Structure formats: C-alpha cells, structure tokens
Amino acid sequence: MPETDQLKVVQVALKVPFAPHLDYRLPDDMPAPAVGARVQVPLGKNRSVVGVVMGLVASSPHQKLKPIQALLDDAPLLNPASLDLLQQAARYYQVNLGEMVFTALPAWFRSTDNRPIPIQHWWQVTVSAEEAAARLSQAPQQLAIFDYVRRHGPVMSKMMSHLNPAAAKLCRQLQDKGLLESSEVCFVATDEARDPNFELTADQAQAMQFLSQHDQGFQVALLDGITGSGKTEIYIRFINQLLKQHKQTLVMVPEIGLTPQLFQEISQRINGQIAILHSGLSDGARARVWQHASQGLVDVVVATRSGIFTPFKNLGAILVDEEHDLSYKQQEGVRYSARDLAVLRGKIEHIPVVLGSATPSFESLRHAQTGRYHWLQLRRRTNRNPMPSLTLQNTQAKKLTKGLTHTTLSRIESHLDDGNQVLVFMNRRGWSHKLLCHDCGWVAECDDCDAYLTFHKHLELLKCHHCDRRYGLPEFCPACGSQQVETMGVGTEKLAAGLADRFAQVPIVRFDRDSVSTPAQWQHNLEVVRSGDPCVIVGTQMLSKGHDFPWLSLVVVVNVDNSFFSTDFRATEYLAQLLTQVAGRAGRAKTKGEVIIQTQFPEHEFFQTLFQQSYEVFAQQQMAEREAMMFPPFSHLAIIRGQHGNESELERCLQRMGAELEGEPDLSVLGPLPAPMAKRQKLHRMQLILNSNNRQALHRTLHRLRNQHNPHQGTIPWFIDIDPVNFD
Ligand code: ADP
Ligand code: ZN
Ligand code: ZN
Numbered sequence: 002m003p004e005t006d007q008l009k010v011v012q013v014a015l016k017v018p019f020a021p022h023l024d025y026r027l028p029d030d031m032p033a034p035a036v037g038a039r040v041q042v043p044l045g046k047n048r049s050v051v052g053v054v055m056g057l058v059a060s061s062p063h064q065k066l067k068p069i070q071a072l073l074d075d076a077p078l079l080n081p082a083s084l085d086l087l088q089q090a091a092r093y094y095q096v097n098l099g100e101m102v103f104t105a106l107p108a109w110f111r112s113t114d115n116r117p118i119p120i121q122h123w124w125q126v127t128v129s130a131e132e133a134a135a136r137l138s139q140a141p142q143q144l145a146i147f148d149y150v151r152r153h154g155p156v157m158s159k160m161m162s163h164l165n166p167a168a169a170k171l172c173r174q175l176q177d178k179g180l181l182e183s184s185e186v187c188f189v190a191t192d193e194a195r196d197p198n199f200e201l202t203a204d205q206a207q208a209m210q211f212l213s214q215h216d217q218g219f220q221v222a223l224l225d226g227i228t229g230s231g232k233t234e235i236y237i238r239f240i241n242q243l244l245k246q247h248k249q250t251l252v253m254v255p256e257i258g259l260t261p262q263l264f265q266e267i268s269q270r271i272n273g274q275i276a277i278l279h280s281g282l283s284d285g286a287r288a289r290v291w292q293h294a295s296q297g298l299v300d301v302v303v304a305t306r307s308g309i310f311t312p313f314k315n316l317g318a319i320l321v322d323e324e325h326d327l328s329y330k331q332q333e334g335v336r337y338s339a340r341d342l343a344v345l346r347g348k349i350e351h352i353p354v355v356l357g358s359a360t361p362s363f364e365s366l367r368h369a370q371t372g373r374y375h376w377l378q379l380r381r382r383t384n385r386n387p388m389p390s391l392t393l394q395n396t397q398a399k400k401l402t403k404g405l406t407h408t409t410l411s412r413i414e415s416h417l418d419d420g421n422q423v424l425v426f427m428n429r430r431g432w433s434h435k436l437l438c439h440d441c442g443w444v445a446e447c448d449d450c451d452a453y454l455t456f457h458k459h460l461e462l463l464k465c466h467h468c469d470r471r472y473g474l475p476e477f478c479p480a481c482g483s484q485q486v487e488t489m490g491v492g493t494e495k496l497a498a499g500l501a502d503r504f505a506q507v508p509i510v511r512f513d514r515d516s517v518s519t520p521a522q523w524q525h526n527l528e529v530v531r532s533g534d535p536c537v538i539v540g541t542q543m544l545s546k547g548h549d550f551p552w553l554s555l556v557v558v559v560n561v562d563n564s565f566f567s568t569d570f571r572a573t574e575y576l577a578q579l580l581t582q583v584a585g586r587a588g589r590a591k592t593k594g595e596v597i598i599q600t601q602f603p604e605h606e607f608f609q610t611l612f613q614q615s616y617e618v619f620a621q622q623q624m625a626e627r628e629a630m631m632f633p634p635f636s637h638l639a640i641i642r643g644q645h646g647n648e649s650e651l652e653r654c655l656q657r658m659g660a661e662l663e664g665e666p667d668l669s670v671l672g673p674l675p676a677p678m679a680k681r682q683k684l685h686r687m688q689l690i691l692n693s694n695n696r697q698a699l700h701r702t703l704h705r706l707r708n709q710h711n712p713h714q715g716t717i718p719w720f721i722d723i724d725p726v727n728f729d
C-alpha cells in the first residue's frame, strides 16, 4: 500500500463516452482532492471541463499525464453510497461511468465556473386565511398571492409569475406586513401536524404493521392498492416513523404535475422540512436541494426521475409512487429506470423500498409472486364508495360529433347539470389525426420521419409530433391536384372545441403538451378544476396519473383502440393500466362514479377481463401468455439500436453484430429489423432485439460487444437499451 502522499494520479470521471475515467496528475502544490469531489481538468486540445474524482492511485499505465487545473469542491459532492450506485448503474446500463455520473449531476454542478449556488426564497404563510382576508381587503393582488401560497405553499415567487408578474414584489410586501415568511429551504414548520381522525382500514393496518417491523435493512414492499385505498396514508405514516428516527425519505413521483399535490399532502402531516425536485425548477434551485439533502437539512425530498441520484446524509427509505409508470424510464442518453435504480439503491444503502401502484407493472407483480418483494395488498376503498359503473359505447356505424357519440354527450350534460365535473380522456393531441385526399388517398406525412402529420388548427399548420417539424397547409393534393383534402380523426384540440360549442356554460380545461408546458400552466388549470365548479377536463396521458380530482363523477375514454393493433407485446398491459387509472379518477366524488369507454370493439375479451373481473385477473392471464412465449417478466430484453442516413449501411452494421451474437448460450437475437418508427428526423432506425432468460449472460455478452465495437468510434452510431419499455 503506497503512502497517501504518493498518490499523485487522480482518476477522473468525465462526460466522455470512450473511457470510464481518465488519469490526471496532481500538481505538487495542490492538496489531494476527496473521492467524490469535482475537479477542473484539461480535455483534448483546448477544452477545460468538470470531472468527478473516482480514486487516487500511485501510478498510471499512461505516460505524460496532464495536471489537474483546479479543485472545485472542498467536501465530496457525491458520497460513497452515491458513487457505488453510479458505478453499479453504469455497469447495468452498459454505459461509461462518466456518462452515468454526468446523467446524475444537476446542470449547475457541470459547469466550470463554480459559482456559489444562489439563495432561494420559498414563501409560506404565517397567519390564517381569515386574518389575511380581513387585513388585505384593500389589496386584492396581495390577497391573491397570499391565497395561492396558503394553498400551495411553500412556493418560490417564480412559481407564481403566472398569477401575477409582480409576484416577487408582492411577496416582499406581504413579508413586511408579517403575513408571509421566507426561508432558504423549501420548508414546512407545522407544529400542528397530527393524524386525521380516522382509523386505518384492516388492509392499511396490516401494511403499516409490516412496514413498521421492517424499517431497517433492505426490503422491497409492493404496495398494491386500488385507487382510493389509502396508499398515500401509508406513505405518510411511514415517513413519520422514519422521521422520528431522524432519517430522511426520498419520495419518487412520475411527473412534475404530481409533485405539488403529494408535497401538500405530506406537508400537512409531517413536522419537518420537505423539498421538491423536478425539471421545472431552476438549475440553482435543484442544486440547492442536492446540497440540503446531502447536508441533512431536509427530511423529505419529493422528486421526479433524476431525483433518484440525490445524495442524502441519512436516507431511511425510498418510496416510488405509481411504480408502473413509464416516465420512470429515461428514453434518451442513459436509458435508466428510476424505479429499478430505487431498488438497487435500497440494496446498496441497506434501506427499505416501497413501490406503490393501483396497477403494478408485471415485473413487480412477478417479484411479489416469487416472494422477492413483499406483497402488501389494499383491496378496499377507504370511503367504501362503490367502484364506478362502466359502459362500453360501441362507436361502429355511429355518427360522432367531434369524436363523441350522442349518448356520451348527453351523459356529459347530465353530470354537469348535477354540478359535477367530467373528464374526457384522449391520447392524441392536435386537431385531427391526419390530412387525407379523398380522391387519391394521399396522406400528409413528415419528410423526415415515418409518421403522419397532425393538423393544429390554432396554428393553422401541420406538425410532426416526432421531430416537431412544421408544414404549411396544402390547398391542393400534392399527388393529384384535387381540392378534396380533408382532416380525419379527432385530437384533443378538436375534441375541446366540440365540447366548448356544446357546453358553452362551463369551462373546458385542456391538459396536453400543447396547452400545458410549464408548471405554472399546470397550476393555472388545476386552479379551475380545484374550484369544484362544473367543468369538462380534456386530457391526454398526462392526466391518467394519480391526480386527485375530487369533483369528478364521469370519465369518458375516447380512442384507445389502436392498442389492439400494436406490435408492442406490452401494449395491452399499458392500456389496462391506463384505463384502470383513468377510471379510478371517477367516483371519488359523493355521487356514484361513471365511466364510458368509446370503442369499436366492445366485445373484446380485453374489456371483459379487465372490467368484469379485475386488473389482477387480467395480469394473471397476460403473464401466463408471456411465460409461454418466454417474454418479460419471464425473460430479459435488450435492444441494440442504430440510426443512420444510409439504410443499407445501417443494416450491414447491425447484421455483423447480430452474426457475432449467434450461438451465444441462453440468447435469442431477432433482427436487424426496422424500428416500428422506421425513420425519424431523416435517420433510418433499425434494431436487434436480444431476449435472454439469463440476466448475467446477457450483460456479459453486451459488455463484450461494446468492447469490440465502440459505439462512438464507428461510422454508425448505436446504443443499447436495457429493459426497454417501448419499441418505437
Ligand atoms: P390512493 O393513493 O390509494 O389512491 P389515497 O391515499 O389518496 O388513496 O386515499 C384516498 C382518500 O381516503 C384520501 O382522502 C385519504 O385521506 C382518505 N383515507 C385514507 N385512509 C383512510 C382511512 N383509513 N379511513 C378513511 N379515510 C381514509
Ligand atoms: Zn389526391
Ligand atoms: Zn417528423
């Protein structure tokens, strides 16, 4: 073992794809950096970049090492547990350590200028709503801000700029009046946090008993509970239990829109500091949360996907809400699954992990069945409200008004008349599905992608949803010159317009990527919904998740039939999860809930199993089929995908790789095949699908392949997607 002062070679992970780390020389006059701290180093001819120290050693196989330029951190930014997680994750996802490290690091820490993190001001109220109303009767703008903070707080003034561009100033005025206080941490200091006055249901009590007895050491629990069965209550009590032991909790949610809601619910019930972490926050705010978590200044972090890498001082558990949600899988760069990394992290840090869902993924169900995960089931709704009634509306040979049948429209009317809210769910944005020539059958397609164009009426143009390229609207068919060019099919824009025509007396609130792209717009829409007044909510996928809309009594689902024709073997699993989740939104109201699904295939066995029986029965049946075909969760998949402008060159490259994989034990290789979306942004896309029942063997093979063909050195760029969740 060499003396520490002889360790003059520093191994540094960099954002480069070709090596796990590079060696640098520690100048004699520089103190040795800590492992996990950042340094600034030269790269290539004249670049200077940030790297993270992975280790110090006495010598390097390389000659003429370049010196480290600067130390950026006094204390390590990444602790040993985080480094361990990143190392294992890099191996698992077949990427270089540096790529993994820089995927995890918030943008703020990737820059060499190393400025101090700016101070954030989070606001929260200090007095009751009544007192504020009395004192602010002459100041409506201040009252509106106060009210917002009271309902959503703690918030940063930036998060209220949609309410009032002068929010920052108004907050300071309210602070001067003693109605608001500010803090650097997203904070809560309730001293009145107490449990609500209900008893846990028998299922909840059982789940809680298990978690209380297993609050130390690694253990995965699958909290499998129907919507409204009180999963959140379990999270909260578990967090409180850990808090009493001075431990921190990481709560994962699938998307930004859900963070304020869970934040609220938790903050009202715990006496501690909570932070939220998602991509809607500024770089500085995100860096702050990292810092606070690693210094132990926050007790709970509610985070979206990349939050899984947040370093904690004393992490006690990781809770993953809606664990089946595909948003946990990153679909570009390093294709990691935050849910799977939560389990890995639990193992590394010896802490429990809770995966919660009303519709668990088949992977998690399988682990629960084999006993690898502990299965906690909540089978009853807490309020004993009956599950909503369900009708399948046959749309075949029916006249539709902007996508809806006559019966559906009159049901919507009746629910609105009763003073309730209605959700119409449709997973396609824009005005129409495609633009078609009635004379020759020409359909408008993207020049760069293998995809139809969608008409957006308010923009008066056609848009490709895969590359965002925009096109003008043709007056004549470019193929035959006919004027009979018309839009076909319905998207959320058209649906909302139709509903606005018919139900002019209520607001139509649209949630899709076109109308809601910032947290502020989300909040704005949520305000309308939370007012409780009758309205029609039109939403895509975005809305299928755990949003609590207490006044919703009718849910209408439109246009999901294409799942039955998908080439993805998981399409019906996803559809079942989606429909169950969406249907679960109905009937939290006092009125009995109703769900209408418009379909051309009301007789389809899929609907019969899912709705006459249950998600669980459906899952059992599907899993039996998967087992017979040797597909996940009974096997392990990886995709090797290449993309290139030249199709035949691409095919040859993948063919060569495929040939090298031939004869590997326990491995079947399919392809090269065009990806379901065969062309995107001018690039042809092809893939090899690897299926294996031996995880270790699959990873060994991929590792070798990666050493033989550096994905970044050949002329054809390619990547590996481990445990792919979609194939498009
Ligand atoms: P889930 O997350 O499983 O869909 P929630 O946790 O949102 O369900 O619970 C639904 C509602 O039931 C919430 O308003 C919650 O406060 C309430 N609740 C939870 N547990 C109980 C209980 N044991 N008795 C009565 N109400 C409960
Ligand atoms: Zn034509
Ligand atoms: Zn395109």
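Numbering-wise, the sequence shown is residues 2 to 729 according to the working numbering. No residue lacks a Cβ here, since even glycine has one placed at the ideal position from N, Cα and C. Predicted model only: the values in this text are computed from it and were never measured.
Per the Cβ contact rule, the segment 437-446 is not in contact with the segment 575-586 (fewer than 3 Cβ pairs under 8 Å). DSSP, reduced to helix, strand and coil, places Trp443 outside both helices and strands of the structure shown, so it counts as coil. In the displayed model, Asp722 falls within a strand according to three-state DSSP.
Where Ile690 is concerned, the enclosing beta strand (DSSP E) starts and stops at 684-693. Counting only unbroken stretches of 3 or more residues, the beta strand (DSSP E) elements lying wholly within the segment 211-266 are 220-226, 249-253, in sequence order. With contacts defined by Cβ atoms closer than 7 Å, Trp123 and Leu181 do not form a contacting pair. Any heavy atom of ligand 3 within less than 6 Å of a residue's beta carbon puts that residue on the list, which reads Cys447, Asp449, Cys450, Ala452, Cys465, His467, Cys468, Arg470. The beta carbon of Ala698 sits closer than 6 Å to those of Asp667, all from its chain and outside the five residues before and after it, given in chain order.
Cys478 counts as buried, since at least 16 other C-beta atoms from the protein chains shown sit within 10 angstroms of its C-beta. Counting the other Cβ atoms within 10 Å of the Cβ of Phe728 gives 16 or more, which makes it buried.
Counting only residues of its own chain and dropping the five nearest sequence neighbours on each side, Asn115 has a CB closer than 6 Å to the CB of Leu73. Met658: member of the alpha helix (DSSP H) spanning 648-662, first to last residue. In this structure the segment 400-417 touches the segment 597-610; the number of beta carbon pairs closer than 8 Å is three or more.
With respect to the 7 Å criterion, Val423 and Leu555 are classified as neighbours on the basis of their beta carbons. According to the DSSP assignment, Gly56 belongs to no alpha helix (DSSP H) but to the beta strand (DSSP E) extending over 48-58. Taking 7 Å as the cut-off, the Cβ atoms of Asp449 and Cys468 count as close. Across the set Leu553, Gln542, His525, the C-alpha of Leu553 shows the shortest separation from the C-alpha of Pro535. About 34 Å separates the CB atoms of Arg336 and Asp75; that is not less than 8 Å, and the two are not in contact.
Relative to ligand 2, Asp502 has its C-beta separated by 6 Å or more from all heavy atoms. Between Leu611 and Ile690 a beta carbon distance of about 27 Å is seen, past the 8 Å cut, so the two are scored as non-contacting. For Met489, the enclosing beta strand (DSSP E) has its first and last residue at 486-489. Of all residues, those with a beta-carbon under 6 Å from at least one heavy atom of ligand 2 are Cys438, Asp440, Cys441, Trp443, Cys478, Ala480, Cys481, Ser483, reported in chain order.
Exposure of Cys481 is indicated by the presence of fewer than 16 other C-beta atoms within 10 angstroms of its C-beta.
It is roughly 26 Å from the alpha-carbon of Ala679 to the alpha-carbon of Met543.
The Cβ neighbour count for Glu604, taken over all protein chains shown within 10 Å, is under 16; the residue is labelled exposed. Counting along the chain, the unbroken alpha helix (DSSP H) around Gln622 starts and ends at 616-630. Ligand 1 never approaches Leu579 closely enough for any of its heavy atoms to be under 6 Å from the residue's Cβ. Cys438: member of the beta strand (DSSP E) spanning 435-438, first to last residue.
Within the chosen limit of 6 Å, ligand 1 does not reach the beta carbon of Phe147 with any heavy atom.
Assignment of beta-bridge partners to Asn395 by DSSP yields Thr600.
A direct Cα-Cα distance of roughly 10 Å separates Arg306 from Leu327. Distance from the Cα of Lys683 is smallest, within the candidate group Gly646, Leu655, Glu665, for Gly646.
The residues Leu201, Ile235, Arg238, Phe239, in chain order, have a CB closer than 8 Å to that of Met209 in the same chain once the five nearest residues on each side in sequence are set aside. In the DSSP assignment, Pro353 forms a beta bridge with Gln220.
Inclusion of Leu201 in the 6 Å shell around ligand 1 follows from its C-beta lying nearer than that to a non-hydrogen atom of the ligand. By DSSP's assignment, Ala71 forms a beta bridge with Gln41.
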